[in-house]
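Worksheet: the structure to be examined is printed underneath.
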Amino acid sequence: MTEGLYQAKKLIDGAKNILVLTSQNSNIDSLASAVSLSYTLNNKGKIVNLHPHAIPQKYALLFPQTANPNRFVISIKGKEISELYYEKEKQILKIFLSPRGKKITKDDIIFDDFQKLSETEPDLLITIGIDRLERLGDFYEKNFKLFYQTTILNIDNQTTNNKFGNINLISENLPMALISNQLLELLQGQIDQNIKTWILAGIIAFSKDNGFNQEIMDNVLELITPNIQYKELLNLFANNGSAQQLKILEIALKKIEFRRDKRLPSISLMKKDFQESGANARDLIFILKELTSNLLQFPSLLLLWESQDNQTTISGVFYSSKPYSGSKILEAFNGERKGKGIIFKSKNGKINDIKEKIMEIIF
846 MTEGLYQAKK LIDGAKNILV LTSQNSNIDS LASAVSLSYT LNNKGKIVNL
896 HPHAIPQKYA LLFPQTANPN RFVISIKGKE ISELYYEKEK QILKIFLSPR
946 GKKITKDDII FDDFQKLSET EPDLLITIGI DRLERLGDFY EKNFKLFYQT
996 TILNIDNQTT NNKFGNINLI SENLPMALIS NQLLELLQGQ IDQNIKTWIL
1046 AGIIAFSKDN GFNQEIMDNV LELITPNIQY KELLNLFANN GSAQQLKILE
1096 IALKKIEFRR DKRLPSISLM KKDFQESGAN ARDLIFILKE LTSNLLQFPS
1146 LLLLWESQDN QTTISGVFYS SKPYSGSKIL EAFNGERKGK GIIFKSKNGK
1196 INDIKEKIME IIF
């Protein structure tokens, strides 16, 4: 799909007016893809519109109600401007204009919503999660010619997609949000935290039904950062837990570390994390279940935490669905095997030192 991504980038780079289309009943994956693309392209100076315009209310906490940031344009009608500058003072922006010739009056100044500036038809259509154009219903019927006169970039992961686009980015094994993320990385490199949150939401939604493969997991570990809006993700995807369990899970997500050379996610929880969340060690079972079988489905995970009643005791769980040998952990620490996990303790040492020792032991 790499060649297709570069072809898609070329289409987008050459377009000025873009219409992003999803179905009326879009799922989180297709919405995440559509909103992320709309935001990014808007910020690159493209005129972008999203159809349908409104985000479903049930996703209101995750996605913005408008797919584009609030932007407007000030136009000066019929005057030549010789000088322009501005000053910004706290919440006040002052724009200074010097006309060449006649004065500027209030009637010469026009304010336009950025997204309503263009009455011309788009020069690029991006369809997301649409296996055939008829799925667009009335919009397709009323704008029939548009779809045969305009270049189409088709993004989907359905086996039924009939590949109607000039460029078709279709992968049955990947979330649409992840396909879009690969395109966004080509378009602008750095992805901001809002977009990372939306992309991760799309990945989680897709993977709940289809599971995680290695490519998806590698991308998840690239996306995870402390600034992601984990609270909104937990509201949508986490199993029912107490307020304390959800808070300690949110803290744990922000503290995920991933060592590329070891390919093992690890989390280190301190006493202050338990104090902040009101959780205790028994609530960590909730974290393990969410991160290994629900939210992220990590195939392996190292979870360490400071004892709440002892200054020096560090406890831990090493979980793995892979055939790693845990015998060395059992030998090095006071541990026991339970199912796919090994529970252990160390009465002396710092949490980072113990983490490094376990990394050396396992790999």
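Every position in the sequence shown, counted from 1, becomes a number in this note's numbering once 845 is added.
Heads up, the beta-carbon is just placed ideally off N, CA and C, and yes, glycines get one too.
These numbers come from a predicted model, not from an experiment.
For Gly-1047, the enclosing alpha helix (DSSP H) has its first and last residue at 1038–1055. Cβ-Cβ distances below 8 Å link Lys-939 to Tyr-931, Glu-932 and Lys-933 in the same chain, with the five nearest sequence neighbours on each side left out; the list follows chain order. Under DSSP, Arg-1104 forms a beta bridge with Leu-1109.
By a beta-carbon distance limit of 8 Å, Leu-1014 does not contact Leu-886. Their separation comes to about 15 Å. Only residues of its own chain outside the window of five on either side were considered, and among them Gly-1086 and Gln-1090 have a CB closer than 6 Å to the CB of Phe-1131, listed in chain order.
In this structure, Ile-1000 sits away from Asn-1011, with a CB-CB distance that is not shorter than 7 Å.
When the Cα atoms are used, Ala-860 and Leu-969 turn out to be separated by approximately 6 Å. If you check the CB distance, Thr-867 and Ile-973 come in under 7 Å.
Annotation: the region 1065–1095 contains the following complete segments of the alpha helix (DSSP H) (minimum length 4 residues), in chain order: 1075–1082.
The Cβ-Cβ distance between Leu-1147 and Ile-1196 does not fall below 7 Å. Taking C-alpha positions only, Gly-890 is separated from Lys-1053 by approximately 35 Å.
Here the region 1094–1105 makes contact with the region 1126–1142; the two share three or more CB pairs at distances below 8 Å. Under DSSP, Phe-984 takes part in no beta bridge, so it has no partner. Remark: C-beta atoms of Leu-876 and Val-865 do not approach each other more closely than 7 Å. Sixteen is the threshold: when 16 or more other Cβ atoms of the shown chains lie within 10 Å of the Cβ of Ala-1046, as they do, the residue is buried. Separation of the CB atoms of Ile-1093 and Val-1065 is rounded to 20 Å, and the pair is thereby denied contact status at 8 Å. Approximately 12 Å separates the beta-carbon atoms of Ala-1022 and Ile-1036; this is outside 8 Å, ruling out the contact. Taking C-beta separations shorter than 6 Å and ignoring five residues to either side along the sequence, the partners of Arg-980 in its chain run Ser-868, following chain order. In this structure, the beta-carbon distance from Leu-1028 to Ala-899 does not fall below 7 Å. Exclusion of the five residues before and after Lys-1134 leaves Asn-1084 as the residues of its chain whose Cβ lies within less than 8 Å of its Cβ.
Distance between Leu-1114 and Ala-905, taken at the CA atoms: about 31 Å. Take the alpha-carbon of Asp-976 and the one of Asn-870: they are about 13 Å apart.
Here Ser-1122 is not near Ser-1145, since their CB atoms are 7 Å or more apart. If the five residues before and after Leu-856 are omitted, its C-beta is found closer than 7 Å to the C-beta atoms of Leu-969, Thr-996, Leu-998 and Ile-1012, all from its own chain and listed in chain order. Contact between Asn-1002 and Leu-1019 is confirmed by a C-beta separation of about 6 Å, below the 8 Å threshold. Residue pairing of Phe-1163 in beta bridges, as defined by DSSP: Leu-1147 and Ile-1187. C-alpha of Ile-955 to C-alpha of Glu-1102: approximately 51 Å in a straight line. Excluding the 5 residues flanking it on each side, Glu-928 has same chain C-beta neighbours closer than 6 Å at Ser-943, in chain order. In the DSSP annotation of this structure, the continuous segment of the alpha helix (DSSP H) that includes Asn-887 starts and ends at 873–888. One thing to note: Lys-1116 has its Cβ within 7 Å of the Cβ of Gln-1153.
Rounded to whole angstroms, Lys-948 and Leu-907 show a C-alpha spacing of 47 Å. Using a Cβ distance threshold of 7 Å, Ile-1203 and Lys-1173 do not count as a contacting pair.
Scanning its chain for C-beta atoms nearer than 6 Å, with the 5 sequence neighbours on each side dropped, one finds around Glu-1077 the residues Leu-906 and Leu-907, in chain order. Taking the C-beta atoms as reference points, Phe-1163 is found no nearer than 7 Å to Phe-1178.
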